[in-house]
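In our numbering, the protein residues as written are 10 to 269.
All residues carry an ideal CB built from backbone N, CA and C; glycine is no exception.
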């Protein structure tokens with residue numbers, strides 16, 4: 010029984026490794042395909058607003074599915090600049106997106122005229138990576154939790170981000186550029202470590218980047234959350250605050266807010 014279980018784990022690990030290898034080989038073809046699509050769609054206006062609070066299934070100018078939660082100005086109120094908040098999540102399970110939706114709903118309850126959108130950041134990354142990250146995560150958690158824990162622990166001990174992850178952050182940041190320019194958010198809120206890294210790269214690449222807030226949706230702070238140019242971190246416990254302080258994050262950049 011144990012030998013059979015070990016074989017299954019070994020086969021799954023090999024399958025995951027092969028998927029990651031194919032990701033690197035196919036990423037240039039994926040980039041060329043995206044560039045061709047962008048050229049065909051050049052001139053098409055990117056939607057500035059999505060009307061109707063709570064409506065789902067709309068798509069942006071690049072054909073990517075969005076979750077839109079938005080309300081327009083209330084009648085009778087003086088007209089002023091409408092604020093916009095962009096929430097970047099990741100489709101790894103459901104918790105990160107649920108946290109983004111919860112914060113978005115809280116913003117709208119206090120400021121109904123604010124434009125809010127929740128976007129899956131993986132849809133702006135490589136399509137192959139999107140599949141590997143989403144399906145691989147679920148497969149490991151269900152079938153090989155020990156492998157998932159090992160990978161998580163190894164990543165937690167890492168002293169620097171890998172070259173592949175740095176490239177992926179840059180690739181996704183470039184893909185997000187047009188959408189961020191068109192939606193023009195006053196602030197970007199990240200509820201997963203991946204979009205947090207993407208926006209850190211975005212801020213390095215584009216001087217006009219909006220402020221970025223990282224909402225840590227767990228009771229521990231993984232090192233992949235931590236970047237020097239993230240403007241604020243929202244954490245659940247004083248212990249998490251101490252972790253960020255120990256890793257060089259300034260005290261004024263950390264807020265105790267609890268889990269969304």
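Based on the DSSP secondary-structure assignment, which residues constitute the bridge partners of residue 131? Note: residue 131 sits in no beta bridge, so no partner.
What would DSSP say about residue 188, mapped onto helix, strand or coil? Helix.
Taking contact to mean 3 or more Cβ pairs, one atom from each stretch, closer than 8 Å, check whether the segment 252–262 and the segment 218–233 are in contact. Put simply, the segment 252–262 touches the segment 218–233. At least three CB pairs are less than 8 Å apart.
Since residue 104 is in the alpha helix (DSSP H), which residue starts that stretch and which ends it? Looking at the DSSP string, the run of the alpha helix (DSSP H) that includes residue 104 is 104–119.
Less than 7 Å between the C-beta atoms of residue 3 and residue 198, yes or no? Nothing can be reported for residue 3: it is not among the residues displayed for the chain, which extend from 10 to 269.
Note down the Cα distance separating residue 265 from residue 204, rounded to an integer number of angstroms. The alpha-carbon atoms of residue 265 and residue 204 are separated by roughly 21 Å.
Residue closest to residue 201, alpha-carbon to alpha-carbon, out of 227, 240, 125 and 191: The shortest Cα separation from residue 201 among 227, 240, 125 and 191 belongs to 227.
With distances taken between CB atoms, is the gap from residue 116 to residue 97 smaller than 7 Å? Residue 116 is not a Cβ neighbour of residue 97, given a cutoff of 7 Å.
Can you tell me the Cβ-Cβ gap for residue 93 and residue 130, rounded? I've got them flagged as a contact below 8 Å. About 17 Å; that fails the 8 Å criterion.
Run of the alpha helix (DSSP H) containing residue 211, from where it starts to where it stops: Start and end: 202–214.
Assuming residue 262 and residue 242 are in contact, meaning their beta carbons sit under 8 Å apart, how far apart are those beta carbons, in whole angstroms? Correct: roughly 6 Å between the Cβ atoms.
How long is the line joining the alpha carbons of residue 112 and residue 269, rounded to whole angstroms? Cα to Cα, residue 112 sits roughly 6 Å from residue 269.
Roughly how many angstroms lie between the CA atoms of residue 126 and residue 250, to the nearest whole one? Going from the Cα of residue 126 to the Cα of residue 250 covers about 28 Å.
Taking the C-alpha atoms as reference points, what is the distance between residue 211 and residue 189? Whole-angstrom Cα-Cα distance: 10 Å.
Between the C-alpha atoms of residue 194 and residue 186, what's the straight-line distance to the nearest angstrom? So the alpha carbons of these two residues sit roughly 12 Å apart.
Using only alpha-carbon positions, find the residue among 218, 247 and 246 that is nearest to residue 240. Taking only the C-alpha atoms, the option nearest residue 240 is 218.
Short of 8 Å in beta carbon distance, which residues of its chain neighbour residue 108, apart from the five on each side in sequence? Order them along the chain. Same-chain partners within the cutoff: 98, 200, 224, 226, 268 and 269.
Could you work out which residue in 123, 215, 133 and 238 is closest to residue 177 when comparing CA atoms only? Put simply, of 123, 215, 133 and 238 the residue whose alpha carbon is nearest the alpha carbon of residue 177 is 133.
Please return the same chain residues whose Cβ sits closer than 6 Å to the Cβ of residue 215, not counting the five positions on each side in sequence. The answer is none, since no qualifying residue turns up.
Beta-carbon proximity check, residue 91 vs residue 124, cutoff 7 Å: Against a cut-off of 7 Å, the Cβ pair of residue 124 and residue 91 comes out as a contact.
Alpha-carbon to alpha-carbon, residue 248 and residue 181: As the crow flies, the alpha-carbon of residue 181 is around 31 Å from that of residue 248.
Measuring only the C-alpha atoms, how far is residue 245 from residue 191? Roughly 32 Å between the two C-alpha positions.
Through-space distance from residue 122 to residue 101, alpha-carbon basis: Take the alpha-carbon of residue 101 and the one of residue 122: they are about 30 Å apart.
Is residue 209 buried or exposed, if buried means 16 or more other CB atoms sit within 10 Å of its CB? Looking at its Cβ environment, which holds 16 or more other Cβ atoms inside 10 Å, residue 209 is buried.
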